[in-house]
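359 is the number of the first residue of the sequence shown in our numbering; add one for each residue after it. One structure is given below, encoded as structure tokens.
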Amino acid sequence: SVDILSDEERVAFGAHVATLRALGLTYVKDERTDYDNRDAASGGDNVRLEPEIDKLVKFEDAGDDAANDGVRRRKEIPTSLKELLAHGAAVAAMRERESDAR
């Protein structure tokens with residue numbers, strides 16, 4: 359629940375949800391993975407961005423990092439947080455539609 363987040367985390371959560379909404383993205387459970395390929399860190403199913411933007415673009419580091427082939431690695435978002443972000447984006451979309459209907 360968002361209630362357990364600190365004020366700083368709530369601001370970051372809101373910014374992430376706003377970014378997801380602005381780009382038309384959400385997180386979905388990856389139906390293509392099997393039971394053996396679950397997210398070991400959280401014990402949950404794999405969750406991915408939809409549409410799969412990581413298949414469309416690759417962000418490269420400005421520096422020449424031979425160890426990472428110049429590709430910037432980001433910290434993985436835990437599955438439970440991805441699910442919470444997807445829910446937050448869905449709620450924001452419902453609120454927006456409701457507001458537009460008035």
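Note that the Cβ used here is the ideal one computed from N, Cα and C, for glycine as well. Since we're looking at a predicted model, the values are computed, not measured.
The alpha-carbon separation between residue 369 and residue 383 amounts to approximately 19 Å. Judged by DSSP secondary structure, residue 405 falls outside any alpha helix (DSSP H) and instead within the beta strand (DSSP E) spanning 405-408.
Distance from the CA of residue 450 to the CA of residue 433, rounded to the nearest whole angstrom, comes to 25 Å. With a threshold of 16 other beta carbon atoms within 10 Å, residue 377 falls short and is exposed. The beta-carbon separation of residue 385 and residue 448, rounded to 10 Å, does not stay under the 8 Å limit for a contact.
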